[in-house]
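Engineer: Chains G and R, in that order, give the protein sequences.
Residue numbers for the first sequence, in this note's numbering: 16 to 146.
Residue numbers for the second sequence, in this note's numbering: 16 to 146.
I'd like to ask you about the structure that follows.
Protein chains: 2
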Amino acid sequence: MERVTQQKLAIAAVLEAAESPLTPPEILTRAAKLVPRLGVATVYRALRSLRKDKKIVVVEIPGEPPRYETATRGHHHHFFCNDCRKVFEVPECPAKLAELAPPEFQVQDHEIILYGKCPDCRTRRNVSAAD
Amino acid sequence: MERVTQQKLAIAAVLEAAESPLTPPEILTRAAKLVPRLGVATVYRALRSLRKDKKIVVVEIPGEPPRYETATRGHHHHFFCNDCRKVFEVPECPAKLAELAPPEFQVQDHEIILYGKCPDCRTRRNVSAAD
DNA sequence: GTTGCTGCAAAAAGTTTGCAGGACG
DNA sequence: CGTCCTGCAAACTTTTTGCAGCAAC
Numbered sequence: 016m017e018r019v020t021q022q023k024l025a026i027a028a029v030l031e032a033a034e035s036p037l038t039p040p041e042i043l044t045r046a047a048k049l050v051p052r053l054g055v056a057t058v059y060r061a062l063r064s065l066r067k068d069k070k071i072v073v074v075e076i077p078g079e080p081p082r083y084e085t086a087t088r089g090h091h092h093h094f095f096c097n098d099c100r101k102v103f104e105v106p107e108c109p110a111k112l113a114e115l116a117p118p119e120f121q122v123q124d125h126e127i128i129l130y131g132k133c134p135d136c137r138t139r140r141n142v143s144a145a146d
Numbered sequence: 016m017e018r019v020t021q022q023k024l025a026i027a028a029v030l031e032a033a034e035s036p037l038t039p040p041e042i043l044t045r046a047a048k049l050v051p052r053l054g055v056a057t058v059y060r061a062l063r064s065l066r067k068d069k070k071i072v073v074v075e076i077p078g079e080p081p082r083y084e085t086a087t088r089g090h091h092h093h094f095f096c097n098d099c100r101k102v103f104e105v106p107e108c109p110a111k112l113a114e115l116a117p118p119e120f121q122v123q124d125h126e127i128i129l130y131g132k133c134p135d136c137r138t139r140r141n142v143s144a145a146d
């Protein structure tokens with residue numbers, strides 16, 4: 016039913032190669048190098064299709080546009096740098112999160128976002144302020 | 016500088032009285048009962064102003080429109096019911112969250128969202144399935 | 001009496017949809 | 001070769017902005 020097209024392959028490849036989650040415009044720009052006449056609509060349609068197949072996941076940071084990343088990296092969370100506004104992966108995951116909710120609630124999943132300064136931005140600040 | 020207007024008062028009152036975070040259209044509908052000729056633009060402008068004053072906070076659940084709630088409830092997190100799509104408060108907050116990130120990262124804040132079934136939806140399911 | 005705030009409408013920004021032609025199987 | 005997918009443009013949705021009049025201080 017679902018066809019394997021150059022566009023979907025290109026978009027999946029772009030996300031696979033990405034160092035961090037990408038926004039639709041970023042995906043369009045990068046994938047257009049592989050499929051020149053690529054349009055926005057196709058990007059959105061491909062993202063929906065890939066998401067339905069559980070090949071990618073959405074990363075939503077409050078106040079930020081939705082970003083997409085491959086599902087091949089497994090369960091993890093994200094760190095958002097308040098300075099450079101980049102998204103980083105956080106591999107750790109606390110086990111007891113479900114206990115946060117009152118017992119009448121049935122917890123099936125969770126999402127954690129950490130905010131702060133990434134190593135680069137922290138160093139930059141330290142260097143200019145300290146030495 | 017910032018003026019105290021009927022519109023802002025009405026919107027703040029609506030959020031104060033709300034049982035859960037509200038979307039801009041919901042806020043407009045409720046506040047319009049207090050200030051009849053209220054428009055969307057004013058709601059958005061008031062929300063930005065109240066947010067700047069730290070009187071309210073945004074609650075963003077992936078795939079859901081932004082919601083707003085009063086800041087008077089202090090630090091807490093949210094539970095999103097996958098069935099009825101309502102948002103609930105979670106008072107607990109794990110202390111050691113900052114340790115999740117690699118040590119080079121400076122964690123300043125965090126956000127947790129739990130997903131699952133709220134008591135009502137869980138009961139409904141249990142009743143029809145079990146007894 | 002100033003000047004910021006409001007309501008309305010128009011504009012932006014982001015995402016979806018309709019349609020004719022092209023690529024996949 | 002049929003039909004799903006694509007590219008383009010138009011439609012939608014959500015949020016922002018411009019402007020004349022009004023209300024807060």
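Where is the CB? At the ideal position from N, CA and C, for every residue including glycine.
Around the Cβ of H8 (chain G), are there at least 16 other Cβ atoms within 10 angstroms (buried) or fewer (exposed)?
Structural biologist: Because chain G here runs from 16 to 146, residue 8 (chain G) falls outside it and cannot be looked at.
Engineer: Looking at the structure shown, is V55 (chain R) part of a helix, part of a strand, or coil, going by DSSP?
Structural biologist: Residue state, collapsed to three classes: helix.
Engineer: I want to check one thing, is the minimum distance from the CB of P39 (chain R) to the heavy atoms of the ligand FMN below 7 angstroms?
Structural biologist: Here there are no bound small molecules, and the ligand FMN is not part of this structure.
Engineer: Which bits of chain G does C133 (chain R) rub up against, with CB to CB less than 7 angstroms?
Structural biologist: Those within 7 angstroms of C133 (chain R) in chain G are F120.
Engineer: Pull the bridge partners of V19 (chain R) from the DSSP assignment, please.
Structural biologist: Answer is none; V19 (chain R) lacks a bridge partner.
Engineer: Looking only at C-alpha atoms, which of R:P40, R:P106, R:R45, R:V122 sits nearest to A32 (chain R)?
Structural biologist: Minimum Cα distance to A32 (chain R) is reached at R:R45.
Engineer: So, at 8 angstroms on beta carbons, what are the nonlocal neighbours of R88 (chain R) in its own chain, with the 5 sequence-adjacent residues on each side left out?
Structural biologist: Correct list, in chain order: E104.
Engineer: Check the DSSP bridge columns for F94 (chain G) and list the partner residues they point to.
Structural biologist: DSSP, once it has assigned bridges, lists G:F103, G:L129 as partnering F94 (chain G).
Engineer: Using only CA atoms, which one of G:P117, G:S64, G:K101 lies nearest to C136 (chain G)?
Structural biologist: Of the candidates G:P117, G:S64, G:K101, the one whose C-alpha sits nearest the C-alpha of C136 (chain G) is G:K101.
Engineer: Residue range of the beta strand (DSSP E) that R82 (chain R) falls in?
Structural biologist: That run of the beta strand (DSSP E) goes 82 to 85.
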